[in-house]
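The opening residue of the sequence shown carries number 1 in full-length UniProt numbering; numbering runs sequentially from there. C-beta atoms are modelled at their ideal positions from N, C-alpha and C, and glycine is treated no differently. Since this is a predicted model, take the numbers as computed values, not measurements. Take a look at the structure below.
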Amino acid sequence: MTESYLTQYIAPLVLAFIMFGMGLSLTRNDFQQLWRAPLPIVVGLFGQMMLLPALAYALAIMFDLAPNLAIGIMILAACPGGTSSNIISQLARANLALSVSLTAISSLICVLTTPLIIQFAIMQFGQQEEQSFSLLTTTLGLIFITLIPVIIGIIIRHYFAEKALRCEPFFRHLASAFLLLMIVAIVIQERDTLTSSFAAVFSSALTLNLLAIMTGIGLGLLFKFTPRDSITLGIEVGVQNSAMAILIAITFLQRADYAVAPGVYGVTMYIGALLLVLLAKKYR
């Protein structure tokens with residue numbers, strides 16, 4: 001997988017299209033939310049960018065994960081929320097504007113933060129011979145496959161709103177199909193790793209997901225946000241862009257085994273999200 005045409009060219013191109021589709025769903029209003037109500041945005045970003053990687057690091061040590069799984073779960077925690085978090089917020093009838101704003105802003109910031117967190121993870125958990133990670137290459141790669149497509153999508157949405165709204169569902173479905181395809185490919189490619197360490201990686205992924213959701217909700221309660229905003233933070237901190245994490249692992253780092261933990265998380269994150277949706281509907 002690591003050297004295939006699919007992972008080197010097709011996968012980055014598909015992710016760029018997915019990020020372009022995310023841009024089509026965004027408007028200037030989503031970013032202006034930061035100035036109108038900055039505290040929930042800032043607190044949510046703190047939960048995503050700081051607390052989630054810290055949780056992943058602690059769990060990697062607590063579960064004594066193998067280096068490839070520890071680095072993989074850190075890569076996952078370094079990625080922003082994806083469009084899935086917006087859909088789940090809609091299902092939970094949470095604050096969709098806050099969800100979309102957090103997704104948009106974290107997707108831009110991650111170009112700077114994600115490579116730094118990955119570099120830290122490789123330094124902490126990687127073997128000496130694996131220290132070939134390039135901070136510059138990864139940053140530039142993220143700029144070209146995430147930041148630029150999102151900006152282009154936002155511009156098209158601004159000038160051609162009607163056409164953008166018609167096209168956006170296609171890219172949302174593409175994101176789900178791409179994630180499913182990559183998870184299946186990882187299961188086939190890394191079946192030996194999954195067989196030998198499934199219990200550890202599943203337990204750590206599920207624990208991270210549940211703790212991340214509770215952390216987001218806890219931040220909302222701590223700052224006395226409304227229940228809708230607290231639930232939104234729980235979703236945004238707990239639901240990550242697994243497709244991006246998988247792509248970084250197999251394309252930038254050329255390590256399919258690093259993609260195992262993000263692939264498992266891509267499935268398990270819906271367990272906590274479903275529980276949160278049911279809880280939100282029960283207490284509405």
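Query	Result
Closer than 6 Å by C-beta to Ile183: which residues in its own chain qualify, once you throw out the five before and the five after it? Chain order, please.	Gly263, Gly266
What is the rounded straight-line gap between the Cα of Ala151 and the Cα of Tyr159?	Here the sequence assigns Ile to residue 151, which means Ala is not the residue at that position. Roughly 13 Å separates the two Cα atoms.
Residues in the same chain with beta-carbon distance under 8 Å from Thr103, minus the five sequence neighbours each way, listed in chain order, please.	Met22, Pro80, Gly81, Gly82, Thr83, Ser85, Asn86, Glu236
First and last residue of the alpha helix (DSSP H) that includes Cys79?	Element bounds for Cys79: n/a, residue is neither H nor E.
If we ignore side chains and look at the alpha-carbon of each, how far apart do Met214 and Val43 end up?	14 Å
Pair every Cβ in the segment 161-177 with every Cβ in the segment 116-125, then say whether three or more of these pairs are closer than 8 Å.	no
Are Ala205 and Ile73 touching if we call contact CB-CB under 8 Å?	yes
Looking only at its own chain, which residues have a Cβ that is under 8 Å from the Cβ of Leu15, when we skip the five neighbours before and after it?	Ile145, Thr146, Phe178, Ala243, Met244, Leu247
Specify the secondary structure class of Arg255 as computed by DSSP and reduced to three states.	coil
Between the beta-carbon of Ala78 and the beta-carbon of Ala70, is there less than 8 Å?	no
Tell me which residue opens and which closes the alpha helix (DSSP H) that Asp229 is part of.	227-238
Near Ala175, which residues of its chain fall below 6 Å by C-beta distance, leaving aside the five closest residues on each side in sequence?	Ile18, Thr83
Here's the rule I'm using: 16 or more other beta-carbon atoms within 10 Å means buried, otherwise exposed. How should Asn241 be labelled?	buried
Which residues in the same chain have their Cβ closer than 6 Å to the Cβ of Ile154, if we skip the five residues on either side of it in sequence?	Gly23, Leu26
If you drop the 5 nearest sequence neighbours on each side, which residues of the same chain put their C-beta closer than 7 Å to that of Thr268?	Phe202, Ala205, Leu206, Asn209
Measure from the alpha carbon of Phe252 to the alpha carbon of each residue in Ser101, Thr138, Leu91, then state which is nearest.	Thr138
Who are the Cβ neighbours of Thr232 in its own chain at under 6 Å, not counting the five residues just before and after it?	Ser89, Ala94, Asn95, Leu98, Ser99
What are the boundary residues of the alpha helix (DSSP H) that Ile154 is part of?	148-159
Give me the residue from Asp229, Thr114, Leu116 with the minimum Cα distance to Ala280.	Asp229
Excluding five sequence neighbours on each side, which residues of the same chain lie with their C-beta closer than 7 Å to the C-beta of Gly238?	Asn209, Ala212, Ile213, Gly216, Met269, Gly272, Ala273
Smallest Cα separation from Leu278: which of Phe120, Ala92, Phe225, Leu194?	Ala92
Using only the alpha-carbon positions, how far apart do Gly141 and Ser101 sit?	23 Å
Label Ser134 either buried or exposed according to how many other C-beta atoms from any shown protein chain fall within 10 Å of its C-beta, with 16 as the threshold for buried.	exposed
Compare the C-alpha of Thr195 against each of Leu181, Asp257, Gly220 and name the closest.	Asp257
Compare the Cα-Cα distances from Ile10 to each of Tyr57, Ile250, Ala261 and report the closest residue.	Ile250
How many Å lie between Leu108 and Arg191 at the Cα?	34 Å
Short check: CB of Ile186 to CB of Val111, under 8 Å?	no
I'd like the list of long-range same chain contacts for Leu52, defined as Cβ closer than 7 Å, with 5 residues on each side in sequence excluded.	Ala77, Ala212, Val237
Would you report the Cα separation of Leu219 and Ala54, rounded to the nearest angstrom?	15 Å
Hey, Ser106 and Leu45: beta-carbon distance below 8 Å or not?	yes
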